[in-house]
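Engineer:
In our numbering, the protein residues as written are 264 to 658.
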């Protein structure tokens, strides 16, 4: 009974925050549709009201969260607060998923604390007020991993396919998770996993590729790559990429170089320009990688330069302590569940690869937050055990 009351109170709290987010969050007070929320809101409303998918930000937007928002708008009208309520519910589902993972890996005590600390995680609570794809990415990541651990390959494959349709830079998880399945269960289950996830993705890829008469793997990243890797980049997404860039001793006018008859060809030219700059300026790129890492390892590593002054050294320090303890919990846990933990490590490596390639910021790693909480709790539980019991458990 007490647990039921606590869960009801939690859901009520998360929904209440979602409805009050534009009054509480200082950035949302300035602009309720902040950052990418502007594009997501516009795309979703056009889809809900006119029935067409309009790419207001180009082809770098993956579709699934837009369709989720559009379905909410179709029912409730143009009501961003209704989407925020859905975000809050997704946040609670993420906490249940994190607890299920903790229970699968360790025990009920760790699962209990993982649930509550994930459900009340400050970053994840704040996220529910923003109309960002991460709200859907997080539960999909958590539950797809749990299902794969549980042996539900097809259901996991469906979620991984949906995950790729929510954030295209996680598309590499499909073959990597299939390799993990092959190593654990053989080629046939791995093939089933790969086929099931491919069938989820294929209809949209066929649609978008036929619409633009070019192959489009869900979305494109050339413009974003140049946006975040150029002489004026600062580790995040600089608000305006340079109009000119020096390559091989010559000045290149970006608009002229990237001129194309369609978005797909133009995006590929932006990618060529970004890769050429990286190849010619490896030292500057290495410096950018460091800046991206610093931004990502800050709990409020906002990507817009004018907002980064809000960072607090004390908050950063506390967050680093949290991350260090979580990593200790992960590596100690790897001694007893190494095969299972490879799935989490795969997501971690893929995430960092694209952070270093594109841009940094705390938002880019939020889908790992439930796992960081899980291993933080694991480390604290181990620390409270006698040395002999700790040794026996981690053998």
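Don't be surprised by glycine CBs; every beta carbon is placed ideally from N, CA and C. Everything numeric in this text was worked out from a predicted model, so none of it was measured.
When you compare the CB positions of residue 562 and residue 533, do they come within less than 8 Å of one another, or not?
Structural biologist: No, the Cβ-Cβ distance between residue 562 and residue 533 is not below 8 Å.
Engineer: Let me confirm a value: residue 464 is counted as buried when at least 16 other C-beta atoms fall within 10 Å, else exposed. Which label applies?
Structural biologist: Its Cβ being crowded by 16 or more others within 10 Å, residue 464 is buried.
Engineer: Keeping to the same chain, check which residues put their C-beta closer than 7 Å to that of residue 286; ignore five residues upstream and five downstream.
Structural biologist: Answer for residue 286: 292, listed in chain order.
Engineer: Do residue 427 and residue 437 have their beta-carbon atoms positioned less than 8 Å apart in this structure?
Structural biologist: It is a contact, given that the beta carbons lie within the stated cut-off.
Engineer: Are the beta-carbon atoms belonging to residue 303 and residue 329 less than 8 Å from one another?
Structural biologist: Against a cut-off of 8 Å, the Cβ pair of residue 329 and residue 303 comes out as a contact.
Engineer: So is residue 454 in contact with chain B if we call contact Cβ pairs under 8 Å?
Structural biologist: No chain B appears in the structure shown, which is made up of a single protein chain.
Engineer: Going along the chain, which unbroken runs of the alpha helix (DSSP H) with 4 or more residues stay wholly within the region 480–507?
Structural biologist: Entirely contained in the region 480–507, the alpha helix (DSSP H) runs reaching 4 residues are, in chain order, 485–491.
Engineer: Among all the DSSP beta bridges, which residues are the ones paired with residue 509?
Structural biologist: Beta-bridge pairing links residue 509 to 514.
Engineer: Using only alpha-carbon positions, find the residue among 405, 518, 412, 626 that is nearest to residue 601.
Structural biologist: Checking every option, the nearest Cα to that of residue 601 belongs to 412.
Engineer: Just verifying my parser: in three-state terms, what is the DSSP assignment at residue 322?
Structural biologist: Of the three classes helix, strand and coil, the one that applies to residue 322 here is strand, per DSSP.
Engineer: Along the chain, where does the alpha helix (DSSP H) containing residue 474 start, and where does it finish?
Structural biologist: Start and end: 450–475.
Engineer: Please name the residue in 390, 496, 603, 518 whose C-alpha comes closest to that of residue 447.
Structural biologist: Measuring from the Cα of residue 447, the nearest candidate turns out to be 603.
Engineer: Please identify the residue among 360, 301, 579, 640 whose C-alpha is closest to the C-alpha of residue 343.
Structural biologist: Residue 343 has its Cα closest to that of 301, out of 360, 301, 579, 640.
Engineer: Expressed to the nearest angstrom, what Euclidean distance is found between the alpha-carbon atoms of residue 517 and residue 490?
Structural biologist: Rounded to the nearest angstrom, the two C-alpha atoms are 11 Å apart.
Engineer: At the level of alpha carbons, what is the spacing between residue 508 and residue 488?
Structural biologist: Between residue 508 and residue 488, the C-alpha separation is close to 14 Å.
Engineer: Am I right that residue 389 and residue 288 are in contact with their C-beta atoms under 8 Å? What's the rounded C-beta distance?
Structural biologist: At roughly 6 Å, the Cβ-Cβ gap stays under 8 Å, so residue 389 and residue 288 are in contact.
Engineer: Could you check if residue 266 is buried or exposed, using at least 16 other CB atoms within 10 Å of its CB as the buried criterion?
Structural biologist: Counting Cβ neighbours within 10 Å, residue 266 comes out exposed, since fewer than 16 surround it.
Engineer: Look at the alpha carbon of residue 403 and the alpha carbon of residue 423, and state the distance between them as a whole number of angstroms.
Structural biologist: Those two C-alpha atoms are separated by around 7 Å.
Engineer: Could you spell out the range, first to last residue, of the alpha helix (DSSP H) harbouring residue 339?
Structural biologist: Element bounds for residue 339: 327–339.
Engineer: Drop a sphere of 10 angstroms on the beta-carbon of residue 269, count the other beta-carbons inside from all chains shown, and report buried for 16 or more, exposed for fewer.
Structural biologist: Flag for residue 269 reads exposed.
Engineer: Could you tell me the boundaries of the alpha helix (DSSP H) in which residue 315 lies?
Structural biologist: Residue 315 -> no alpha helix (DSSP H), and no H or E assigned at all.
Engineer: Determine, using beta-carbon pairs with one atom in the region 430–445 and one in the region 607–623, whether at least three such pairs fall under 8 Å.
Structural biologist: Taking 8 Å as the limit for Cβ pairs, the verdict is that the region 607–623 does touch the region 430–445.
Engineer: For residue 470, count neighbouring C-beta atoms within 10 Å of its own C-beta (all shown protein chains included) and say buried if the count is 16 or more, exposed if not.
Structural biologist: That one is exposed.
Engineer: Considering only the beta carbon of each residue, do residue 588 and residue 642 sit closer than 8 Å?
Structural biologist: Cβ atoms of residue 588 and residue 642: closer than 8 Å.
Engineer: Sorry if obvious, but does the Cβ on residue 321 come closer than 7 Å to a heavy atom of the ligand FAD?
Structural biologist: No copy of the ligand FAD occurs in the structure displayed, which carries no ligand at all.
Engineer: Given that a residue counts as buried once 16 or more other Cβ atoms are within 10 Å of its Cβ, and exposed if not, what is residue 594?
Structural biologist: Under this definition residue 594 is an exposed residue.
Engineer: What's the C-alpha gap between residue 608 and residue 394?
Structural biologist: One C-alpha to the other measures close to 27 Å.
Engineer: Which residues in the same chain have their Cβ closer than 8 Å to the Cβ of residue 360, if we skip the five residues on either side of it in sequence?
Structural biologist: 402, 405, 406, 409, 633, listed in sequence order.
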